[in-house]
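Only one structure is covered here, and it is reproduced in the block below.
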Amino acid sequence: MLSRRRNKLNLSLPRTVQEHENQEEEEAEEASSVAIEEELKRLGLTEPQKQRMQEWIKERNLVPTDALNEQKLDKICDLGHGNGGVVHKVIYKPTKVIMARKLVHLEVKASIKTRILKELDVLRRCNSPYIVGFYGAFLANSELSICMEYMDGLSLDVLLKKAGRITEPRVGRIAVAVVRGLAYLKEEHNILHRDVKPSNILVNTRGEIKLCDFGVSGVLIDSMANSFVGTRSYMAPERLTTSYYDIKSDVWSLGLSLIEISVGRYPIPALTANDYKAIFDVDPDKIVLGNGQAPPPGPASTEPKNMAIFELLNYIRVEPPPSLPRKVFSDLYIDFVELCVKKNTSERADLKTLNNHEFFKLYEDADDNGDFAGFVSENKAKVESDKENS
């Protein structure tokens with residue numbers, strides 16, 4: 001039997017390569033955790049928001065970016081269609097994490113694909129309760145997979161079809177979330193969204209409201225240029241005539257989206273007096289819009305007029321912007337929206353102006369006692385019931 005000798009000289013073996021790499025990984029993870037903790041403090045989150053973000057980051061860490069590939073994902077069901085791609089609910093098999101995977105078909109050179117993946121990597125550093133989380137992206141042949149946090153309430157445009165329209169207090173909560181999401185992207189990562197619309201505002205049964213599908217990758221946007229025709233209907237007038245773009249262009253898209261979810265349909269061309277009568281049961285002869293004008297005459301219709309894309313874009317460019325009816329909505333809300341849809345960018349609100357607006361302040365810290373979460377759950381159940389019966 002060998003005796004155990006004492007190491008009188010305190011000698012030690014050098015670390016193996018594996019031990020060295022493990023230590024470096026641990027140090028990197030610790031540094032990253034500290035940086036994220038500092039970021040969450042700086043963002044001034046509430047304790048529930050901070051706790052939820054910490055839970056999300058732990059979940060994200062269960063999916064190493066370099067380990068994502070087609071073989072490790074199982075499709076659960078279809079969720080819908082995004083810009084230029086289809087979205088599936090999937091499970092990451094190694095750790096059973098549920099996520100949303102967007103598939104985008106790309107016919108571009110290998111070097112362009114590499115640039116797209118590199119640009120998308122910044123999404124991994126987005127840590128905000130108002131931005132949909134990002135697990136990672138990978139390429140398989142000509143298919144780009146973008147793996148994101150699964151939002152079980154789907155998108156506002158889907159819920160709107162079931163709810164008909166969304167009440168002003170709930171719209172207030174949506175407005176606060178979108179403004180804060182846009183501010184986070186701009187201030188923390190110098191990113192403009194470029195595609196704000198109801199289908200890119202996701203919700204869940206926790207009552208959370210988050211932005212997705214923002215323009216972090218210019219190369220990807222260029223590669224998918226032909227897929228963004230529908231998106232142009234939410235573009236600010238200046239984007240239709242020049243290449244000029246700043247945060248106020250996102251503000252226009254927000255205003256248009258808020259009007260849409262408030263009246264229950266896309267508001268271009270303008271709703272008629274009889275449309276408002278049908279939607280809100282008001283006297284069509286007494287309607288005055290937020291811009292001081294009367295709505296145009298004409299019969300009521302359940303959907304906006306079907307316009308060719310160039311006709312629609314010309315309407316946005318030359319006709320007055322949409323407006324909400326007074327006495328149906330509060331003056332504060334109408335003023336907030338009017339500031340968003342000023343055609344002249346020098347008159348249009350920026351994010352700071354919206355953040356300081358009295359309508360924003362009404363809902364920035366309000367606890368709705370689960371009202372929005374209940375609204376999402378109720379309408380999600382209707383969507384699922386329709387799927388089962390179809």
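So in UniProt numbering, the last spot in the sequence shown is 390, and the numbers never skip.
By construction, the Cβ of each residue, glycine as well, lies at the ideal position given by its N, Cα and C atoms.
Computed from a prediction, not measured in an experiment: that's the story for all the values here.
Of the residues the options, the one placed nearest residue i, counting alpha carbons only
i           : options                : result
R165        : D386, Y276, G85, P237  : Y276
residue 476 : T242, Y244, V178       : Residue numbering for the chain in the displayed model covers 1 to 390; residue 476 lies beyond these limits and cannot be assessed.
L254        : S128, K75, G172, V376  : G172
A368        : T302, I174, G292, V108 : Going by the sequence as given, residue 368 is Asp instead of Ala. The shortest C-alpha separation from D368 is found at I174.
T302        : E311, P267, Q293, F310 : P267
Q54         : N127, G370, L144, L271 : N127
P237        : T95, G85, K342, N379   : K342
D350        : V108, A183, P48        : A183
I146        : L160, F360, M99, A163  : M99
S249        : K327, F360, T345       : T345
G153        : T353, K210, S233, F138 : K210
Q71         : E311, I91, G85         : I91
E187        : D386, R239, E39        : E39
R180        : E378, T353, P48        : T353
Reduced DSSP secondary structure (H/G/I, E/B, other) of residue i
i    : result
C126 : coil
S145 : strand
I166 : coil
K109 : coil
V203 : strand
F310 : helix
I212 : According to the sequence provided, residue 212 is Cys. The question's Ile does not apply to it. Correct three-state label for C212: coil.
Y150 : coil
G370 : coil
K102 : strand
P322 : coil
V158 : helix
L139 : strand
I131 : strand
Span separating the alpha-carbon of residue i from that of residue j
i           : j    : result
G298        : T167 : 26 Å
H193        : E388 : 35 Å
K197        : F134 : 20 Å
R317        : D331 : 26 Å
I201        : D285 : 35 Å
D121        : G290 : 43 Å
V376        : G264 : 16 Å
D157        : P169 : 18 Å
D78         : G292 : 45 Å
residue 471 : I57  : Lying outside 1 to 390, the shown extent of the chain, residue 471 is not represented and no answer is given.
I191        : A67  : 27 Å
A278        : A300 : 7 Å
G136        : K118 : 11 Å
Cβ neighbour criterion (16 or more within 10 Å) applied to residue i
i    : result
Y333 : buried
E338 : buried
Y244 : exposed
H88  : buried
S142 : exposed
G374 : exposed
V288 : exposed
H357 : buried
E384 : exposed
G44  : exposed
R125 : exposed
I309 : exposed
L256 : buried
A140 : exposed
K102 : buried
G370 : exposed
P129 : buried
E208 : buried
F372 : buried
*Residue ranges of each alpha helix (DSSP H) run of no fewer than 4 residues wholly in the segment 235-304, ordered along the chain?*
Correct list: 237-241, 247-263, 273-280.
*Length-filtered (3 minimum) beta strand (DSSP E) runs lying within the segment 49-104*: 73-82, 85-92
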